[in-house]
Ligand SMILES: C[S@@+](CC[C@H](N)C(=O)[O-])C[C@H]1O[C@@H](n2cnc3c(N)ncnc32)[C@H](O)[C@@H]1O
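Numbering (the working numbering), first residue to last: 37 to 493.
Written as structure tokens, this is what we have:
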């Protein structure tokens, strides 16, 4: 029987034994098992049985054969690897072959990788780039790589941009984890765009918001859907500017329905999350995740009633029990690790998310109803977003403050908040709920736009 131990013994017993074993076991599963368990190979390992396996019909066998070639790190096999890199029918095998060529770090290998830069498969091209980046600074290598900034594939362009052309320096002199005191725990009664224009670049750490839904409520009347999307575009451009490098925007929206004007007309549905997405990506927000907020069916408007009666196809109208939380990150060539490393160890420890966190992108949370505001966030929703996407002491922003749920939750979680809310009724409502802790370092400030301007002079 084939066991890991048996394979290991044969390997150390001497050359040729593994080659014989491979001849004895011809089925794909056994061959993959043998190759997978070869582990580290001695320098003088006889790999003469390997080239035959490269024509095996099973891609997994070919992949492990290539990996074994890679371990041998022998320039003699370069042309065999080149052939697999160019001709194999499986993209994973081809990438592995390119990777093995790259790992050899040889002059001849470099020339092969130059050829592979013209490959039609962008993943193979990226692998070749990775192999060549080991020689970054070598004139010939740089001259082959830099023109790929105009490559038709976006992944290729992004890698080349980051390696050779990225110039982004943080636009603010402020340390990444800090924020201005005059923005901490402030609620401004004013238009959000007008207010944001007063803020410096890179002032906030996280934005969580639910914009007014197109013409669905009294506070959200726009002349046209296009006009509405352009308003949101302006808002999120400003949010982008005032967000710190590599930090997040979590946008809660859902498709809405505008009722028909009479029985002889249809109602119209507007897919807001999908229509706003291209605007966000265009202005530089990088799409990270889509989280679905799932509500109990009994809590949403009943649309299925008619269908339940008539059961006629085409007239199916399911109850909408979901909303989206679209997660975006301000574009940067830096990895998330960079953002995390800006915090001291104590803050990282204190901000760690406790057990019981959500593990999927479907969040089952009951909606919340309020007697004054018609569209408030449930506290649980805010809690999750703030805990998963910010650190203690961060500044959390909600451009559409409403009843102030984001602010209240941020403060309870040891973060600071900044809210803007245009409607005086809701501003006053937030003020009426004001509670001040005796030891608040930054007690909540309720300011008109004019007063806010004064504080930041
Ligand atoms: C969907 S509600 C947000 C509710 C909030 N998430 C909560 O938990 O209470 C949207 C809010 O945006 C406000 N709003 C609409 N246009 C605005 C603008 N241009 N500037 C600031 N606030 C605005 C509305 O008055 C409304 O209260």
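Idealized CB from N, CA, C, for every residue including glycine.
- 184 is the residue among 216, 184, 214, 71 whose C-alpha sits nearest the C-alpha of residue 201.
- DSSP places residue 268 within a helical segment (H, G or I) once states are collapsed to three.
- Shown here, residue 105 sits in a helix according to DSSP, grouped into three states.
- Taking a cut-off of 8 Å for Cβ pairs, the stretch 207-215 and the stretch 436-448 do not touch, as fewer than three such pairs fall below it.
- Look at residue 409 here: in three-state DSSP terms it is coil, with no helix or strand label.
- Where residue 365 is concerned, the enclosing beta strand (DSSP E) starts and stops at 358-366.
- DSSP, read as helix, strand or coil, puts residue 282 in strand.
- Here residue 96 is not near residue 114, since their CB atoms are 9 Å or more apart.
- No heavy atom of ligand 1 is found nearer than 8 Å to the CB of residue 453.
- For residue 315 and residue 67, the gap between their C-alpha atoms comes out near 51 Å.
- By a beta-carbon distance limit of 8 Å, residue 438 contacts residue 412. Their separation comes to about 6 Å.
- Residues of the same chain with a CB within less than 8 Å of the CB of residue 149, apart from the 5 flanking positions on each side, are 134, 137, 138, 164, 167, 168 in chain order.
- Around the beta-carbon of residue 284, 16 or more other beta-carbon atoms lie within 10 Å, marking it buried.
- Spatial neighbours of residue 278 in its own chain (CB-CB distance under 8 Å, excluding positions within 5 residues in sequence) are listed in chain order as 232, 235, 236, 237, 238, 239, 240, 433.
- Counting every other CB atom within 10 Å of its CB across the protein chains shown gives residue 145 a total of 16 or more, marking it as buried.
- Ligand 1 approaches residue 246 closely enough that one of its heavy atoms is under 8 Å from the residue's Cβ.
- Under the three-state reduction of DSSP output, residue 73 falls in the coil class, being neither helix nor strand.
- By the Cβ test, the stretch 341-357 is not in contact with the stretch 399-406, since fewer than three Cβ pairs between them sit closer than 8 Å.
- Residue 242 places its beta carbon 9 Å or farther from that of residue 124.
- Sequence-distant partners of residue 269 (beyond 5 residues in either direction) whose C-beta falls short of 6 Å from its own C-beta, in its chain, are 315.
- When the beta-carbon positions are compared, residue 288 and residue 393 stay at least 9 Å from each other.
- Beyond the five residues adjoining it in sequence on each side, residue 335 comes within less than 7 Å, by CB distance, of 402, 403 in the same chain, given in chain order.
- Bounds of the alpha helix (DSSP H) holding residue 485 are 485-491.
- Of 427, 347, 345, the smallest CA-CA separation from residue 376 is found for 427.
- Bounds of the beta strand (DSSP E) holding residue 304 are 304-306.
- In its chain, beyond the 5 residues on either side, no residue has a beta carbon closer than 7 Å to the beta carbon of residue 112.
- In the three-state scheme derived from DSSP, where H, G and I count as helix and E and B as strand, residue 245 is classed as strand.
- By the Cβ neighbour-count rule, residue 304 is exposed, with fewer than 16 other Cβ atoms within 10 Å of its own.
- Just so you know, the alpha carbons of residue 71 and residue 121 end up roughly 19 Å apart.
- Residue 441 has its Cβ nearer than 8 Å to a heavy atom of ligand 1.
- Rounded to whole angstroms, the separation of the alpha carbons of residue 466 and residue 267 is 25 Å.
- Note on geometry: alpha-carbon atoms of residue 49 and residue 88 lie some 23 Å from one another.
- Selection 75, 156, 449 evaluated against residue 42 yields 75 as nearest (Cα-Cα).
- Taking a C-beta distance under 9 Å as the contact criterion, residue 247 and residue 192 do not qualify as a contact pair.
- Classified as buried, residue 435 has 16 or more neighbouring CB atoms from the shown chains inside 10 Å of its CB.
- Taking all protein chains shown into account, residue 39 has fewer than 16 neighbouring C-beta atoms within 10 Å of its C-beta and is therefore exposed.
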